[in-house]
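**Q**
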């Protein structure tokens, strides 16, 4: 089944285009450091390695596809460790395969794919520790997983918090009187330390990022929406399995020794509700629920002799998975995708996937909308750039208002003869204005008042339209700026107010 998962992504990952976030992570690979404004450094290292394989979508998305296959494999192994036989293992792995949140995560080059794998690896090691708490090597492996997980995504802290609370309120609190947990914590801290020092040196930019995220996205999201999205993104039919997983860990005799995993999930769920976190932040905890639920369902079926229910469940899951697959896999042509999601919104009430991060309704789910229109955008910029004289092109700087626009220029621009983009947004701000003073600039995505503050002549040269894009990438003007009042180097600190 891990090979089936891998094949699904190999066959579909070349469809559509590069996602907005993928541009940023790919650009990070060209600026290796121990930290960035949004994420820890591991994704940048993976981006650098993937760039050695070329700039194709297959190369870019190879690592998340492999992470997905490993997630499926580890789900089956965890199910076996919990006492599940072949049917339970197949059920748990299939639940992971058909869940839209995992299909999407393993399509895109983003930290979330590796975050999910790190959480499940941690859960697997905890099951081994629950059997053999005296085995120091399991604690060291757990510390390494936590540390590397933190270098990938700060959300690993939620897993660590859930584990800590689970230890304090569960029967395993006696572990805290041994050296194992403290060795794991020290090893995790040692691995994470370079990024921690980077954050301190740069004034904790992660908190600025979190504050903006709360202001622009999370504060607009009702807590009830999170619960509904958890049901949808893990596939509605899978609720039977993960709810059974909660039952397995808390109410079954077979699951009682592993109740710590149940506490981890419930603690993190409560934290996410309090913080109004996005539903997919909790998705790394669901494979362990699928594993526990699959074991409980297998025992329920066998105890009653309802063996016919096994093929029935698998068949229903496969059919339901195929029905919902276009939400997670880029398998439909663009027009067909639009018709599909609009049909599902009208007749199945599934309009939640069409809501953007800012609460607006789009024609496509935002992750898909963020994969269209970038090559055309860069070609438009290239047209303006090539209209300049050779002397003007030597002086010209490309200013981008956000990391998507900047990243698209850096990804598609070289083959069109464009220089690298300069942007005040996100981690691009850390990389500075470059060497050119910016006497002439082509600007996209920046407000007119920002440009007129630093240039005497600002003229619109083009208007980029994209009916599928989110609002901020539709009807975007491209300006040609001349008559500089300050060099970019002089104005760089002031420009932060326009971020």
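In the numbering used here, the protein residues as written are 28 to 526.
C-beta: ideal position from N, C-alpha, C; glycine also.
Exposed or buried, residue 57, counting other C-beta atoms within 10 Å across all chains shown (16 or more means buried)?
**A** Per the 10 Å Cβ criterion, exposed.
**Q** Note down, in chain order, each residue of its chain lying with its Cβ closer than 8 Å to the Cβ of residue 174, except the 5 sequence neighbours on either side.
**A** 214, 215, 216, 217, 218 and 219.
**Q** Identify every run of the alpha helix (DSSP H) within the region 71-106, keeping only runs that are complete inside it and at least 4 residues long; order them along the chain.
**A** Counting whole runs of 4 or more residues, the region 71-106 contains the alpha helix (DSSP H) stretches 84-87.
**Q** Could you pull the DSSP bridge partners for residue 119 from this structure?
**A** Partner(s): none; residue 119 has no beta bridge.
**Q** Consult DSSP for residue 62 and reduce its assignment to one of helix, strand or coil.
**A** Note: residue 62 maps to coil in three-state DSSP.
**Q** Quick one: what's got a C-beta closer than 7 Å to residue 336's C-beta in the same chain, skipping five residues either side?
**A** If we look at residue 336 and ignore the five residues flanking it on each side, its Cβ neighbours are 328.
**Q** Just to confirm my understanding: we take residue 362, look at its own chain, exclude 5 residues before and 5 after, and list those with CB closer than 6 Å. What are they?
**A** There are no such residues.
**Q** At the level of alpha carbons, what is the spacing between residue 223 and residue 62?
**A** Near 8 Å, if we compare the C-alpha coordinates of residue 62 and residue 223.
**Q** Where DSSP assigns a beta bridge to residue 455, which residues make up the other side?
**A** Answer by DSSP bridge pairing: none, since residue 455 is not bridged.
**Q** Determine the direct distance from the alpha carbon of residue 274 to that of residue 319, and round the result to whole angstroms.
**A** Each residue's Cα considered, the two are about 8 Å apart.
**Q** For the alpha helix (DSSP H) that contains residue 300, what are its first and last residues?
**A** Its alpha helix (DSSP H) spans residues 286-302.
**Q** If you draw a straight line from the C-alpha of residue 111 to the C-alpha of residue 73, how long is it?
**A** Each residue's alpha carbon lies about 34 Å from the other.
**Q** Quick one: what's residue 347 bridged to in DSSP?
**A** Bridge partners of residue 347: none, in fact.
**Q** Quick one: is residue 228 buried, meaning 16 or more other Cβ sit within 10 Å of its Cβ, or exposed?
**A** Residue 228 should be labelled exposed.
**Q** Alpha carbon to alpha carbon, how far is residue 178 from residue 83?
**A** Cα-Cα distance, rounded: 26 Å.
**Q** Would you mind reading off the limits of the alpha helix (DSSP H) that contains residue 308?
**A** Run containing residue 308: none; DSSP gives neither H nor E here.
**Q** Taking the beta strand (DSSP E) that residue 491 belongs to, which residues open and close that run?
**A** From DSSP, the beta strand (DSSP E) with residue 491 extends over 482-491.
**Q** Less than 9 Å separating the beta-carbons of residue 512 and residue 483?
**A** The answer is yes: Cβ separation under 9 Å.
**Q** Taking DSSP's pairing of strands, which residues face residue 427 in a bridge?
**A** Paired residue(s): 450 and 471.
**Q** CA-CA distance, residue 439 and residue 52?
**A** Whole-angstrom Cα-Cα distance: 15 Å.
**Q** Are the Cβ atoms of residue 64 and residue 308 separated by less than 9 Å?
**A** Going by C-beta atoms, residue 64 is not nearer than 9 Å to residue 308.
**Q** So residue 46 and residue 135 are in contact, right, with Cβ under 8 Å, and what is the actual spacing, rounded?
**A** Sure, about 5 Å apart at Cβ, within 8 Å.
**Q** From the DSSP output, in three-state form, read off residue 507 for me.
**A** Residue state, collapsed to three classes: strand.
**Q** Taking residue 282 as the reference, which of 523, 38 and 105 has the closest Cα?
**A** Closest by alpha carbon: 105.
**Q** Specify the secondary structure class of residue 144 as computed by DSSP and reduced to three states.
**A** Reduced to three states, the DSSP call for residue 144 is helix.
**Q** Going by DSSP in three states, residue 354 sits in which element: helix, strand or coil?
**A** In the structure shown, residue 354 sits in a helix (DSSP, three-state: H, G or I).
**Q** Please tell me whether, using a cut-off of 8 Å, the distance from the CB of residue 28 to the nearest non-hydrogen atom of the ligand GTP is below it.
**A** Although the ligand GTP was asked about, the structure shown includes no ligands whatsoever.
**Q** Would you identify the three-state DSSP class for residue 32, choosing helix, strand or coil?
**A** DSSP places residue 32 in helix when its eight states are reduced to three.
**Q** Nearest CA to the CA of residue 235: which residue from 445, 66 and 467?
**A** Nearest option by C-alpha distance: 66.
**Q** Note down, one range per segment and in chain order, each alpha helix (DSSP H) of at least 4 residues found wholly within the region 386-415.
**A** Taking only runs of at least 4 residues, the alpha helix (DSSP H) segments lying wholly in the region 386-415 are 393-396 and 401-413.
**Q** Using beta-carbon positions only, say whether residue 352 and residue 190 come within less than 9 Å of one another.
**A** No, these two residues do not count as a Cβ contact at 9 Å.
**Q** Spatial neighbours of residue 157 within its chain, please: CB distance less than 7 Å, with the 5 preceding and 5 following residues excluded, ordered by chain position.
**A** For residue 157, where only same-chain residues beyond five positions count, the Cβ hits under 7 Å are 284, 285 and 287.
**Q** Measuring alpha carbon to alpha carbon, tell me which of 254, 475, 469 and 489 ends up nearest residue 507.
**A** When each option's Cα is compared against that of residue 507, the closest is 469.
**Q** If the criterion is Cβ atoms closer than 9 Å, does the pair residue 253 and residue 304 meet it?
**A** Yes, the pair counts as a contact, with Cβ atoms nearer than the cut-off.
**Q** Look at the alpha carbon of residue 491 and the alpha carbon of residue 500, and state the distance between them as a whole number of angstroms.
**A** Answer to the nearest angstrom: the Cα atoms are 8 Å apart.
**Q** Just curious, the alpha helix (DSSP H) that residue 226 is in, first and last residue?
**A** Note, residue 226: alpha helix (DSSP H), 207-228.
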